[in-house]
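S.K.:
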Amino acid sequence: GAGVSQSPSNKVTEKGKDVELRCDPISGHTALYWYRQRLGQGLEFLIYFQGNSAPDKSGLPSDRFSAERTGESVSTLTIQRTQQEDSAVYLCASSLRGVATDTQYFGPGTRLTVL
Amino acid sequence: QQQVKQSPQSLIVQKGGISIINCAYENTAFDYFPWYQQFPGKGPALLIAIRPDVSEKKEGRFTISFNKSAKQFSLHIMDSQPGDSATYFCAASIGRGSTLGRLYFGRGTQLTVWP
Numbered sequence: 573g574a575g576v577s578q579s580p581s582n583k584v585t586e587k588g589k590d591v592e593l594r595c596d597p598i599s600g601h602t603a604l605y606w607y608r609q610r611l612g613q614g615l616e617f618l619i620y621f622q623g624n625s626a627p628d629k630s631g632l633p634s635d636r637f638s639a640e641r642t643g644e645s646v647s648t649l650t651i652q653r654t655q656q657e658d659s660a661v662y663l664c665a666s667s668l669r670g671v672a673t674d675t676q677y678f679g680p681g682t683r684l685t686v687l
Numbered sequence: 002q003q004q005v006k007q008s009p010q011s012l013i014v015q016k017g018g019i020s021i022i023n024c025a026y027e028n029t030a031f032d033y034f035p036w037y038q039q040f041p042g043k044g045p046a047l048l049i050a051i052r053p054d055v056s057e058k059k060e061g062r063f064t065i066s067f068n069k070s071a072k073q074f075s076l077h078i079m080d081s082q083p084g085d086s087a088t089y090f091c092a093a094s095i096g097r098g099s100t101l102g103r104l105y106f107g108r109g110t111q112l113t114v115w116p
């Protein structure tokens, strides 16, 4: 595709429910990143995929958060038993090879609101 | 803790003026320093980036100044325009190991350029 796409664009859920967020990276990009952006904060790293393996999961805030990626394609971020502090914009980015100097292209994000 | 510290949090500049945003870091393993620009409702987009082996990089009206000994870098926007009004994030990454490509972001600076 032309750019990174994410769905849904907005998600409102009740505390305790599970949510799935989807990211479609740029075709051919091997690296995929998930970040979280809380109101007025910078972007917080969550997880990094190289292909379908995740060499760096260190940013996942708790075991309620998990992510997977199918090959070098779609990734889903799952949050179980959502809490109000999970409310944020979840951003996905992809890059060609995953090296530091590769540009990360960001999607528009999914705004998650937990009531 | 915040690995990249950014200031100011907000900045108001008159059209035609110079906007200056500063960042500082502690981790000497950082070896790539990009700046991202984010408009409301959009994901961040790469604006300009620098490696620590140069002290300055200029692209059009945007210049990064880098001081390796002080572990500081800054973004200068010359002849600021209303269209530059956005949130700017500095970031840093390490080019090796399992953290490859992971970006550490500052908290962001909301720039408003008055016409």
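First to last, the protein sequences are chains V and Y.
Those letters in the first sequence? Residues 573 to 687, by the working numbering.
Those letters in the second sequence? Residues 2 to 116, by the working numbering.
All C-beta atoms in this analysis are idealised placements derived from N, C-alpha and C, irrespective of residue type, glycine included.
#1: Can you tell me which of V:A660, V:G600, V:D628 and V:T650 puts its alpha carbon nearest to the alpha carbon of V:R636?
#2: Exposed or buried, which one is Y:W36 when buried takes at least 16 other CB atoms within 10 Å?
#3: Could you tell me which uninterrupted beta strand (DSSP E) segments, each at least 3 residues in length, are contained entirely in the segment 52 to 105 of chain Y, listed from first to last along the chain?
#4: So what does V:S581 bridge to, in DSSP terms?
#5: Given this structure, state the Cα-to-Cα distance separating Y:L48 from Y:H77, to the nearest angstrom.
#6: Classify Y:Q10: buried if its beta carbon has 16 or more other beta carbons within 10 angstroms, exposed otherwise.
#7: Taking the continuous beta strand (DSSP E) assigned at V:I619, which residues delimit it?
#8: Any Cβ of chain V within less than 8 Å of the Cβ of Y:I95?
#9: For V:F678, which beta-bridge partners are listed by DSSP?
#10: Would you say V:P680 and V:Q613 are within 8 Å of each other, going by their C-beta atoms?
#11: Tell me Y:F34's beta-bridge partners as DSSP assigns them.
#12: Note down the Cα distance separating Y:S1 from Y:C24, rounded to an integer number of angstroms.
#13: Given a cut-off of 8 Å, decide if Y:A93 and Y:F34 are closer than it, judged by their beta-carbon atoms.
#14: Answer yes or no: do Y:G18 and Y:S66 have a C-beta to C-beta separation smaller than 8 Å?
#15: Among Y:S20, Y:Q39, Y:V5 and Y:Q15, whose alpha-carbon lies nearest the alpha-carbon of Y:E27?
#16: Could you check where the beta strand (DSSP E) with V:K589 kicks off and where it finishes?
#17: So, is the C-beta of Y:A71 closer than 8 Å to a C-beta in chain V?
#18: Here's a check: name, in chain order, each residue in its chain whose Cβ is nearer than 7 Å to the Cβ of Y:L52, leaving out the five neighbours to either side.
#19: Since Y:F90 and Y:Q39 should fall inside the 8 Å C-beta cutoff, what is the C-beta to C-beta distance between them, to a whole number of angstroms?
#20: With a threshold of 8 Å between beta-carbons, can V:A672 be considered close to chain Y, or not?
#21: Based on Cα-Cα distance, which residue from V:S666, V:V671 and V:L687 lies nearest to V:S645?
#22: According to DSSP, V:E640 sits in a beta bridge with which residue or residues?
#23: Should Y:P83 go down as buried or exposed, given a rule of 16 or more other Cβ atoms within 10 Å for buried?
M.R.: Inspection of the coordinates gives the following:
#1: For the purposes of this step, residue 636 of chain V is taken as residue 64 along the first sequence, with counting starting at 1. With respect to the C-alpha of V:R636, the residue from V:A660, V:G600, V:D628 and V:T650 having the closest C-alpha is V:T650.
#2: Here residue 36 of chain Y corresponds to residue number 35 of the second sequence, with the count starting at 1. A buried status is given to Y:W36, since no fewer than 16 other beta-carbon atoms sit within 10 Å of its beta-carbon.
#3: The beta strand (DSSP E) runs lying completely inside the segment 52 to 105 of chain Y and spanning 3 residues or more are 57 to 60, 63 to 68, 73 to 78 and 87 to 94, given in chain order.
#4: Start at 1 with the first residue of the first sequence, and residue 581 of chain V comes out as number 9. In the DSSP assignment, no residue is bridged to V:S581.
#5: Against the second sequence, residue 48 of chain Y aligns to sequence position 47. Against the second sequence, residue 77 of chain Y aligns to sequence position 76. Approximately 12 Å, taken between the alpha carbons.
#6: What you label residue 10 of chain Y is simply residue 9 of the second sequence in a count that begins at 1. Per the 10 Å Cβ criterion, exposed.
#7: Counting from one through the first sequence, the residue named residue 619 of chain V turns up at place 47. Where V:I619 is concerned, the enclosing beta strand (DSSP E) stretches over L615 to Q622.
#8: Residue 95 of chain Y sits at position 94 when you count from the first residue of the second sequence. Judged by the 8 Å Cβ criterion, Y:I95 is in contact with chain V.
#9: Walking along the first sequence from the start, residue 678 of chain V turns up at place 106. Residue pairing by DSSP places V:F678 opposite V:A665 in a beta bridge.
#10: As a first step, residue 680 of chain V must be located in the first sequence, where it is residue number 108. As a first step, residue 613 of chain V must be located in the first sequence, where it is residue number 41. Taking 8 Å as the Cβ cut-off, V:P680 and V:Q613 do not qualify as a contacting pair.
#11: Within the second sequence, residue 34 of chain Y is the residue found at index 33, counting from 1. DSSP, once it has assigned bridges, lists Y:I51 as partnering Y:F34.
#12: For residue 1 of chain Y there is no data in the structure shown, the boundaries of chain Y being 2 and 116.
#13: Within the second sequence, residue 34 of chain Y is the residue found at index 33, counting from 1. Within the second sequence, residue 93 of chain Y is the residue found at index 92, counting from 1. The answer is yes: Cβ separation under 8 Å.
#14: Locating residue 18 of chain Y in the second sequence gives position 17, where the first residue counts as 1. Locating residue 66 of chain Y in the second sequence gives position 65, where the first residue counts as 1. Cβ atoms of Y:G18 and Y:S66: not closer than 8 Å.
#15: Along the second sequence, one-based indexing puts residue 27 of chain Y at 26. Taking Y:E27 as reference, the option from Y:S20, Y:Q39, Y:V5 and Y:Q15 with the minimal CA-CA separation is Y:V5.
#16: In the first sequence, counting from the first residue as 1, residue 589 of chain V sits at position 17. From DSSP, V:K589 is part of no beta strand (DSSP E); its letter is neither H nor E.
#17: Looking up residue 71 of chain Y in the second sequence gives position 70. No, no contact with chain V.
#18: Taking the first residue of the second sequence as position 1, residue 52 of chain Y is located at position 51. Sequence check: residue 52 of chain Y is Arg here, not Leu. D32 and Y33, listed in sequence order.
#19: As a position in the second sequence, residue 90 of chain Y is number 89, starting the count at 1. As a position in the second sequence, residue 39 of chain Y is number 38, starting the count at 1. The C-beta distance from Y:F90 to Y:Q39 rounds to 7 Å, short enough to fall under 8 Å.
#20: For the purposes of this step, residue 672 of chain V is taken as the residue at position 100 of the first sequence. Cβ-Cβ to chain Y under 8 Å: yes for V:A672.
#21: Working through the first sequence from its first residue, we reach residue 645 of chain V at position 73. Residue V:S666 is the option with its Cα nearest to V:S645.
#22: Walking along the first sequence from the start, residue 640 of chain V turns up at place 68. Beta-bridge partners assigned by DSSP to V:E640: V:T648.
#23: As a first step, residue 83 of chain Y is located in the second sequence; it is residue number 82 there, counting from the start. Per the 10 Å Cβ criterion, exposed.
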